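Trainee: Protein chains in written order, with numbering that gives the first Met the number 0: chain A, 0 to 178; chain B, 0 to 178. Here a beta-carbon is modelled for each residue, glycine too, at the ideal position from N, C-alpha and C. Note that the structure is a prediction, hence the values are computed from the model and not measured.
There are 2 protein chains.
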Amino acid sequence: MTYRAGIATRARILRATRSLLAEGGLEATTVKAICNMADIRPGSFYNLFPSKEEVVLTVVREAISAVDPGGPDSSETVADLVQAYVRFVTSEPVIARVYLIVAVTGGLTDRNIGKRLLRHHQSRVERFRRAILRETGGSTRRAEEKAELLVATLTGFAMHAVLNPDFDLPKQAERLLED
Amino acid sequence: MTYRAGIATRARILRATRSLLAEGGLEATTVKAICNMADIRPGSFYNLFPSKEEVVLTVVREAISAVDPGGPDSSETVADLVQAYVRFVTSEPVIARVYLIVAVTGGLTDRNIGKRLLRHHQSRVERFRRAILRETGGSTRRAEEKAELLVATLTGFAMHAVLNPDFDLPKQAERLLED
DNA sequence: CTGATCTTTGAGTGTCCATTCTAATTTGAG
DNA sequence: CTCAAATTAGAATGGACACTCAAAGATCAG
Numbered sequence: 000m001t002y003r004a005g006i007a008t009r010a011r012i013l014r015a016t017r018s019l020l021a022e023g024g025l026e027a028t029t030v031k032a033i034c035n036m037a038d039i040r041p042g043s044f045y046n047l048f049p050s051k052e053e054v055v056l057t058v059v060r061e062a063i064s065a066v067d068p069g070g071p072d073s074s075e076t077v078a079d080l081v082q083a084y085v086r087f088v089t090s091e092p093v094i095a096r097v098y099l100i101v102a103v104t105g106g107l108t109d110r111n112i113g114k115r116l117l118r119h120h121q122s123r124v125e126r127f128r129r130a131i132l133r134e135t136g137g138s139t140r141r142a143e144e145k146a147e148l149l150v151a152t153l154t155g156f157a158m159h160a161v162l163n164p165d166f167d168l169p170k171q172a173e174r175l176l177e178d
Numbered sequence: 000m001t002y003r004a005g006i007a008t009r010a011r012i013l014r015a016t017r018s019l020l021a022e023g024g025l026e027a028t029t030v031k032a033i034c035n036m037a038d039i040r041p042g043s044f045y046n047l048f049p050s051k052e053e054v055v056l057t058v059v060r061e062a063i064s065a066v067d068p069g070g071p072d073s074s075e076t077v078a079d080l081v082q083a084y085v086r087f088v089t090s091e092p093v094i095a096r097v098y099l100i101v102a103v104t105g106g107l108t109d110r111n112i113g114k115r116l117l118r119h120h121q122s123r124v125e126r127f128r129r130a131i132l133r134e135t136g137g138s139t140r141r142a143e144e145k146a147e148l149l150v151a152t153l154t155g156f157a158m159h160a161v162l163n164p165d166f167d168l169p170k171q172a173e174r175l176l177e178d
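(1) Between residue 151 (chain B) and chain A, is the shortest Cβ-Cβ distance under 8 Å, so that the two count as touching?
(2) In chain order, what residues of the same chain have a beta carbon less than 6 Å from the beta carbon of residue 71 (chain B), not counting five sequence neighbours either side?
(3) From B:147, B:160, B:168, B:32, pick the residue whose C-alpha is nearest to that of residue 174 (chain A); which is it?
(4) Under 8 Å between beta-carbons, which chain B residues line up against residue 158 (chain A)? List them in chain order, please.
(5) Could you check if residue 28 (chain B) is buried or exposed, using at least 16 other CB atoms within 10 Å of its CB as the buried criterion?
(6) Who are the neighbours of residue 177 (chain B) on chain A, taking C-beta pairs under 8 Å?
(7) Could you say if the region 163 to 172 of chain B and the region 82 to 98 of chain B meet the contact criterion of at least three C-beta pairs nearer than 8 Å?
(8) Can you name, in chain order, every residue of its own chain whose Cβ lies under 7 Å from the Cβ of residue 88 (chain B), other than the five neighbours on each side?
(9) Taking only runs that begin and end inside the region 12 to 73 of chain B, name each unbroken alpha helix (DSSP H) of 4 or more residues, in chain order.
(10) Quick check on residue 11 (chain A) - is its C-beta less than 8 Å from some C-beta in chain B?
(11) Leaving out the 5 sequence neighbours to the left and right, which residues in its chain are closer than 7 Å to residue 6 (chain A) when beta-carbon positions are compared?
(12) Does the CB of residue 119 (chain B) have a neighbour CB from chain A at under 8 Å?
(13) How many Å lie between residue 37 (chain A) and residue 38 (chain B) at the Cα?
(14) Under 8 Å by Cβ, that's how I've got residue 62 (chain A) and residue 97 (chain A) pegged, so tell me the actual separation to the nearest angstrom.
(15) Reducing DSSP to helix, strand and coil, say where residue 158 (chain B) ends up.
(16) Only counting the same chain, and skipping five residues up and downstream in sequence, which positions put a Cβ closer than 7 Å to that of residue 142 (chain B)?
(17) Starting from the Cα of residue 121 (chain B), find the closest Cα among A:163, A:25, A:68, A:145 and give me that residue.
(18) Examine chain B for any beta-carbon lying closer than 8 Å to the beta-carbon of residue 171 (chain A), and answer yes or no.
(19) Of all Cβ atoms in chain B, is any one closer than 8 Å to the Cβ of residue 126 (chain A)?
(20) Looking at C-alpha atoms only, which residue of A:44, A:139, A:176 is the closest neighbour of residue 11 (chain A)?
Quick look at the structure:
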């Protein structure tokens with residue numbers, strides 16, 4: 000994969016996979032569908048990726064890391080974190096859908112994705128916990144509980160936002176911060 | 000299906016389907032797997048159910064209605080509703096997993112299940128809204144928003160409870176009621 | 001006991017899937 | 001321009017899937 004053509008094809012495959020995952024989940028993401036959307040033949044696909052699983056994992060990794068962009072910042076507030084998440088879900092709906100569909104469904108049914116998701120979830124809780132401690136103080140234990148509540152709530156919100164187009168995510172998130 | 004043998008076989012098929020859905024989602028729920036677990040041959044399966052889809056839908060319907068047992072009661076409180084949900088998730092983990100897995104995977108990818116789920120979600124919000132109005136008053140609009148927030152949060156909690164065995168659902172739900 | 005009806009069996013069907021293979025074509029460094 | 005390496009095409013393979021079918025067996029009302 001050192002020629003320009005290969006690099007471009009690889010990008011088209013990833014774009015198609017992302018789109019298919021967001022639209023119809025793993026079930027709709029067949030190699031044939033990817034090839035159709037990327038306008039290539041299976042031979043090209045397998046010249047650039049060793050398996051379908053590898054493309055899917057690549058896109059899922061991308062989606063998971065997009066949930067928490069940038070490293071932890073020692074001055075970020077809880078509101079910053081919540082707003083960053085809301086912005087992610089509303090401005091990158093395709094990747095957000097991939098995250099919810101594949102991460103959550105895969106997390107529930109596939110061990111590898113499940114572990115990866117749990118690790119990611121714990122690091123998110125940790126980041127929220129630090130922000131809560133900086134902002135409102137209290138015991139570490141109490142902050143941890145608050146953080147878990149916040150993260151779980153946000154995930155629930157995102158799911159409903161994807162399921163129900165009328166769900167007003169920004170407003171609900173704002174209300175969440177008031178309490 | 001008027002003979003005893005048929006009725007018993009039907010029950011075994013449903014039990015196997017429930018278990019497989021809870022364990023590995025739709026992907027793991029193949030007709031072959033159902034037949035193995037129920038110790039029957041495909042012919043028997045198709046004598047009692049017209050298709051795999053029909054069994055899955057039967058189990059999903061069962062799971063959806065199990066989330067809100069009993070009709071709306073004009074004296075139920077918000078705490079009652081929250082506790083009923085927590086009890087459902089903790090005491091019927093198999094069916095709860097079916098609800099979450101199919102809700103997320105099917106709801107996002109399959110139109111029929113998605114619509115059914117959206118309707119169910121709206122009736123749940125309605126039930127919460129009424130309880131909130133009775134209890135704390137306020138405008139209908141505000142109560143609706145509060146209700147949506149509660150339902151979304153509870154769904155997020157249930158997901159994390161299924162994903163992370165350490166997540167303390169009853170305690171988090173209790174804390175949710177305090178605020 | 002009998003026989004109409006229900007149930008079960010298990011091999012078989014067609015379809016779709018991920019993946020492989022060989023040969024042809026395109027690329028770009030020297 | 002040359003040629004080794006990268007890329008592509010597209011038919012072919014094997015396996016898993018949902019589902020069918022004809023024949024054998026079990027059930028139970030009368």
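Mentor: The answer reads as follows:
(1) Indexing the second sequence from 1 puts residue 151 (chain B) at position 152. It does; some Cβ of chain A falls within 8 Å.
(2) Here residue 71 (chain B) refers to the residue found at position 72 when the second sequence is read from its first residue. The residues 126, in chain order, have a CB closer than 6 Å to that of residue 71 (chain B) in the same chain once the five nearest residues on each side in sequence are set aside.
(3) Position 175 of the first sequence, counted from the start, is the residue given in the question as residue 174 (chain A). Ranking B:147, B:160, B:168, B:32 by Cα distance to residue 174 (chain A) puts B:147 first.
(4) Indexing the first sequence from 1 puts residue 158 (chain A) at position 159. The answer, in chain order, is 103, 151, 154, 155, 158.
(5) Numbered from its first residue, the second sequence carries residue 28 (chain B) at position 29. Within a 10 Å sphere around the beta-carbon of residue 28 (chain B) sit 16 or more other beta-carbons, which makes this residue buried.
(6) Locating residue 177 (chain B) in the second sequence gives position 178, where the first residue counts as 1. Per Cβ cutoff of 8 Å: no residues; residue 177 (chain B) is ~10 Å from chain A at best.
(7) Contact between the region 163 to 172 of chain B and the region 82 to 98 of chain B is established, with three or more Cβ pairs separated by less than 8 Å.
(8) The count along the second sequence starts at 1 and reaches residue 88 (chain B) at position 89. The beta carbon of residue 88 (chain B) sits closer than 7 Å to the beta carbons of 95, 157, 160, 168 from its chain, once the five residues preceding and following it are set aside; these are given in chain order.
(9) Listed in chain order, the complete alpha helix (DSSP H) runs (minimum 4 residues) inside the region 12 to 73 of chain B are 30 to 37, 41 to 47, 51 to 66.
(10) Taking the first residue of the first sequence as 1, we reach residue 11 (chain A) at position 12. It does not: the Cβ of residue 11 (chain A) has no partner Cβ on chain B nearer than 8 Å.
(11) On the first sequence, residue 6 (chain A) is found 7 positions in, with the first residue counted as 1. Cβ contact annotation for residue 6 (chain A) (same chain, cutoff 7 Å, sequence separation greater than five): 0, in chain order.
(12) Counting from one through the second sequence, the residue named residue 119 (chain B) turns up at place 120. Not one chain A Cβ lies under 8 Å of residue 119 (chain B).
(13) Here the question's residue 37 (chain A) lines up with position 38 in the first sequence. Here the question's residue 38 (chain B) lines up with position 39 in the second sequence. Looking at the two C-alpha atoms, the distance is approximately 44 Å.
(14) As a first step, residue 62 (chain A) must be located in the first sequence, where it is residue number 63. As a first step, residue 97 (chain A) must be located in the first sequence, where it is residue number 98. So it is a contact: roughly 4 Å between Cβ atoms.
(15) Looking up residue 158 (chain B) in the second sequence gives position 159. In the structure shown, residue 158 (chain B) sits in a helix (DSSP, three-state: H, G or I).
(16) Residue mapping note: residue 142 (chain B) aligns to position 143 of the second sequence, counting from 1. Hits under 7 Å: 128, 131, 132.
(17) Residue mapping note: residue 121 (chain B) aligns to position 122 of the second sequence, counting from 1. Per the Cα distances, A:163.
(18) On the first sequence, position 172 is the one that residue 171 (chain A) refers to. It does; some Cβ of chain B falls within 8 Å.
(19) The residue given as residue 126 (chain A) occupies position 127 in the first sequence. For residue 126 (chain A), not one C-beta of chain B is nearer than 8 Å to its own C-beta.
(20) Position 12 of the first sequence, counted from the start, is the residue given in the question as residue 11 (chain A). Residue 11 (chain A) has its Cα closest to that of A:44, out of A:44, A:139, A:176.
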